[in-house]
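Protein chains in written order, with this note's numbering: chain H, 1 to 308; chain C, 309 to 616.
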């Protein structure tokens with residue numbers, strides 16, 4: 001967002017103007033989209049095919065739940081417009097977008113559509129799709145490396161959080177690797193495949209804000225939210241329609257992928273999802289517009305397509 | 309290497325013991341292999357298939373020219389055993405190993421062998437091979453993020469160097485992307501595909517050693533060496549045997565890939581390679597065991613399989 005807009009908002013707040021939760025979310029959504037567009041290499045810069053595909057992998061986005069979590073946690077500390085927080089928010093979103101491109105490839109989920117549009121590998125081919133994954137993953141780290149030099153010490157800690165959340169031992173790449181194992185612990189799988197990035201997003205925001213004592217609590221919020229979102233995905237894969245979710249359904253059953261709704265039943269998955277969301281609500285604390293904004297994001301990100 | 313061994317070597321040097329260039333190289337080769345083995349996740353840690361494949365992508369290595377360049381530049385400043393230098397050396401090698409796994413895949417060079425052994429995708433399949441690329445790329449950044457916290461400011465700069473050297477705009481991923489473009493500038497392609505990591509390796513060492521005034525010179529050494537090595541590869545692809553190089557040859561012609569020896573002739577490529585190596589020699593300066601070690605690494609890394 002522009003400096004001027006930020007100033008206006010700050011003065012509105014200090015003058016007692018009541019920003020609603022929806023205002024807060026809209027503000028951060030807009031700032032995030034602008035920042036992502038600035039971070040991507042120009043579409044026509046060589047290699048132009050790769051760069052065009054990177055744009056298509058990032059825009060239009062989905063719910064942007066991971067970066068919004070990051071920005072809204074920082075908002076709780078009055079630092080939602082901090083540059084380093086935005087960089088961490090972008091970094092987790094870029095890793096997420098990289099993972100989606102790869103998930104859709106023929107040797108993974110073999111999905112032809114994503115967010116209602118053709119998947120990257122369908123438009124650009126497998127080779128470019130693989131490179132888009134690599135390039136967005138690398139860009140995530142580059143975005144952190146371009147932080148102001150005076151924040152080097154804090155950025156250094158963010159690299160550690162992002163690296164673990166992405167990597168093979170504890171992160172999303174390891175989660176994708178678990179799908180290829182003969183048997184897998186469903187909870188560990190959900191924590192790596194989905195919750196790791198949410199953890200890093202929330203914990204990273206607290207680190208940026210110097211809220212050392214709260215880092216573990218926010219990491220827990222991220223983990224619960226991430227696991228609830230994965231349960232939503234599992235439920236949708238069993239009972240939603242492709243139109244409602246913008247991608248093929250029934251893939252987990254077809255490919256023998258771990259799925260909580262398949263393993264334990266949709267009812268059980270719904271109950272567990274609700275318990276996780278209740279856990280988040282408990283951790284969020286006192287009701288303020290900022291807390292309410294977080295609650296809205298959690299709700300939006302974890303609601304199954306089929307209402308009950 | 310062990311603390312004790314390092315002490316022994318230091319005392320040997322200070323006592324006037326004459327380390328040869330070969331001693332210096334052997335010392336760093338051994339230290340590097342040990343450090344890489346410590347950095348990789350245990351082979352049997354879940355996801356075990358992915359982790360086993362990561363080990364097979366890193367061991368046994370090739371010439372390890374990139375990390376040796378990094379370590380030997382630091383050696384010129386008496387800091388070849390600095391932990392942060394080793395982390396930078398490992399990081400560039402991990403990115404390189406990631407790129408090789410991907411280069412061999414069916415949708416890229418479609419090569420069945422690498423270093424005389426079956427390629428990763430032949431042993432583990434395409435899905436695991438893609439994840440190995442992601443995981444080694446991420447591990448490169450994680451290795452830097454695990455540097456001692458007191459080196460955070462310097463490590464922060466290394467993240468920037470590594471990110472550019474890997475990324476789509478100036479780095480190796482962009483170089484792979486250029487292969488998929490309808491036409492490409494050969495020099496720009498060589499600089500991204502191969503020289504970028506050498507630049508980062510040499511410049512990163514100077515940054516670690518606090519040799520700010522020399523960073524540009526070492527970056528140039530890395531660039532010249534990287535381009536000379538790529539010319540060696542281009543020449544080998546035209547006139548070597550698969551046995552001599554441990555991988556298929558003639559791939560560039562078969563796949564329509566940019567190749568200097570195909571485009572301008574083997575004689576021209578050999579002459580250019582020699583000019584680049586002469587440029588490196590000029591930049592290396594006064595002959596010492598450390599300079600001689602660098603010269604040996606350059607020679608070994610850039611010598612075509614077919615002698616003339």
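For each residue, glycine too, the CB sits at the ideal point set by N, CA and C.
None of these values were measured; they are calculated from a predicted model.
Quiz prompt | Buried versus exposed call for residue 30 (chain H) [16 or more other C-beta atoms within 10 Å across all chains shown] | solution = Counting Cβ neighbours within 10 Å, residue 30 (chain H) comes out exposed, since fewer than 16 surround it.
Exercise. Evaluate residue 169 (chain H) with the Cβ neighbour count: other Cβ atoms within 10 Å of its Cβ, from every protein chain shown; 16 or more gives buried, anything less gives exposed.
Key: Result: buried.
Practice problem: Using the DSSP secondary-structure output, state which residues sit across from residue 421 (chain C) in a beta bridge. | Solution: Beta-bridge pairing links residue 421 (chain C) to C:426.
Quiz prompt | Partner residues on chain H for residue 362 (chain C), Cβ-Cβ distance less than 9 Å | solution = Neighbours of residue 362 (chain C) on chain H, chain order: 168.
Quiz item: Under a CB-based cut-off of 7 Å, is residue 47 (chain H) close to chain C?
Solution: Among the CB atoms of chain C, one or more fall inside 7 Å of the CB of residue 47 (chain H).
Practice problem: Give the C-beta separation of residue 512 (chain C) and residue 447 (chain C) to the nearest angstrom, bearing in mind that I take them to be a contact with Cβ-Cβ under 8 Å. | Solution: Contact check for residue 512 (chain C) and residue 447 (chain C): beta-carbon distance about 17 Å, past the 8 Å limit, so the pair fails to qualify.
Quiz item: Helix, strand or coil: how does DSSP classify residue 297 (chain H) here?
Solution: Helix, per DSSP.
Quiz item: Where does residue 385 (chain C) sit, in a helix, a strand or coil, going by DSSP?
Solution: In this structure, residue 385 (chain C) counts as coil in the three-state DSSP scheme.
Quiz item: Thinking C-beta only, is residue 444 (chain C) closer than 7 Å to residue 402 (chain C)?
Solution: Yes.
Quiz item: What does residue 484 (chain C) touch in chain H if you count any residue whose Cβ is under 7 Å from its own?
Solution: Annotation: Cβ neighbours of residue 484 (chain C) in chain H (cutoff 7 Å, chain order): 131.
Quiz item: With a Cβ-Cβ cutoff of 7 Å, do residue 49 (chain H) and residue 486 (chain C) count as a contact?
Solution: Cβ distance not < 7 Å, so residue 49 (chain H) and residue 486 (chain C) don't count as in contact.
Quiz item: List, in order along the chain, the chain C residues whose C-beta lies closer than 8 Å to that of residue 294 (chain H)?
Solution: Neighbours of residue 294 (chain H) on chain C: none; closest Cβ ~28 Å, over 8 Å.
Quiz item: Going by the CB atoms, is the gap between residue 280 (chain H) and residue 239 (chain H) shorter than 7 Å?
Solution: Contact: no.
Quiz prompt | Contact between the segment 192-209 of chain H and the segment 84-91 of chain H (3+ Cβ pairs under 8 Å) | solution = Counting C-beta pairs closer than 8 Å gives three or more between the segment 192-209 of chain H and the segment 84-91 of chain H, which meets the contact rule.
Quiz prompt | Every unbroken alpha helix (DSSP H) within the segment 207-273 of chain H, with a cutoff of 4 residues, ordered by chain | solution = Counting only runs of at least 4 residues, the segment 207-273 of chain H fully encloses the following alpha helix (DSSP H) elements, listed from N- to C-terminal order: 215-239, 242-245, 251-255 and 260-264.
Self-check item: Outcome for residue 493 (chain C) when other beta-carbon atoms lying within 10 angstroms are tallied against a minimum of 16
Solution: Residue environment for residue 493 (chain C): exposed (fewer than 16 other C-beta atoms within 10 angstroms of its C-beta).
Practice problem: Measure the alpha-carbon distance for residue 558 (chain C) versus residue 116 (chain H) and round it to whole angstroms. | Solution: Taking C-alpha positions only, residue 558 (chain C) is separated from residue 116 (chain H) by approximately 42 Å.
Quiz item: Is it a yes or a no for the segment 142-153 of chain H touching the segment 60-78 of chain H, going by three-plus beta-carbon pairs under 8 Å?
Solution: Short answer: they don't touch.
Quiz item: Closer than 8 Å, Cβ to any Cβ of chain H: which residues of the segment 411-427 of chain C, in chain order?
Solution: Taking 8 Å as the Cβ-Cβ cut-off against chain H, the residues of the segment 411-427 of chain C that qualify are 413, 415 and 416.
Practice problem: Please state whether DSSP places residue 18 (chain H) in a helix, a strand or coil. | Solution: If DSSP states are grouped into helix, strand and coil, residue 18 (chain H) belongs with coil.
Practice problem: Spell out whether any CB of chain C is found under 7 Å from the CB atom of residue 59 (chain H). | Solution: At a cut-off of 7 Å, the C-beta of residue 59 (chain H) has no neighbouring C-beta in chain C.
Exercise. Can you tell me the Cβ-Cβ gap for residue 603 (chain C) and residue 592 (chain C), rounded? I've got them flagged as a contact below 8 Å.
Key: That pair is a contact at about 7 Å.
Quiz item: Smallest Cα separation from residue 77 (chain H): which of H:290, H:303 and H:302?
Solution: For residue 77 (chain H), the closest C-alpha among the options H:290, H:303 and H:302 is that of H:290.
Quiz item: With DSSP run on the structure shown, which of helix, strand or coil describes residue 471 (chain C)?
Solution: If DSSP states are grouped into helix, strand and coil, residue 471 (chain C) belongs with the helices.
Self-check item: Limits of the alpha helix (DSSP H) - the one that residue 306 (chain H) falls within
Solution: Residue 306 (chain H) -> no alpha helix (DSSP H), and no H or E assigned at all.
Quiz item: Within 7 Å (strictly less), CB to CB, does residue 446 (chain C) reach chain H?
Solution: It does; some Cβ of chain H falls within 7 Å.
Quiz prompt | Contact set for residue 573 (chain C): own chain, Cβ-Cβ below 7 Å, skip 5 residues either direction | solution = Closer than 7 Å at the Cβ level, and outside the excluded window around residue 573 (chain C), lies no residue.
Quiz item: residue 504 (chain C) to residue 539 (chain C), Cα distance in whole Å?
Solution: Going from the Cα of residue 504 (chain C) to the Cα of residue 539 (chain C) covers about 15 Å.
Quiz item: Can you tell me the Cα-Cα spacing of residue 436 (chain C) and residue 173 (chain H), whole angstroms?
Solution: Between residue 436 (chain C) and residue 173 (chain H), the alpha-carbon positions lie close to 10 Å from each other.
Quiz prompt | Boundaries of the alpha helix (DSSP H) in which residue 175 (chain H) is found, first to last residue | solution = 172-178 is the extent of the alpha helix (DSSP H) around residue 175 (chain H).
Quiz item: If you count every other CB in all the chains shown that lies within 10 Å of the CB of residue 263 (chain H), and 16 or more means buried, which is it?
Solution: Exposed, since its Cβ has fewer than 16 Cβ neighbours within 10 Å.
Exercise. Compare the C-beta of residue 264 (chain H) against all C-beta atoms of chain C and say whether one is closer than 7 Å.
Key: Answer no: the Cβ-Cβ gap between residue 264 (chain H) and chain C never drops below 7 Å.
Quiz item: Nearest chain H C-beta to residue 328 (chain C) closer than 7 Å, yes or no?
Solution: So, not an interface residue.
Quiz item: Can you tell me the Cα-Cα spacing of residue 560 (chain C) and residue 417 (chain C), whole angstroms?
Solution: Roughly 8 Å separates the two Cα atoms.
Quiz item: How about residue 173 (chain H): is its C-beta nearer than 7 Å to some C-beta of chain C?
Solution: Yes, contact with chain C.
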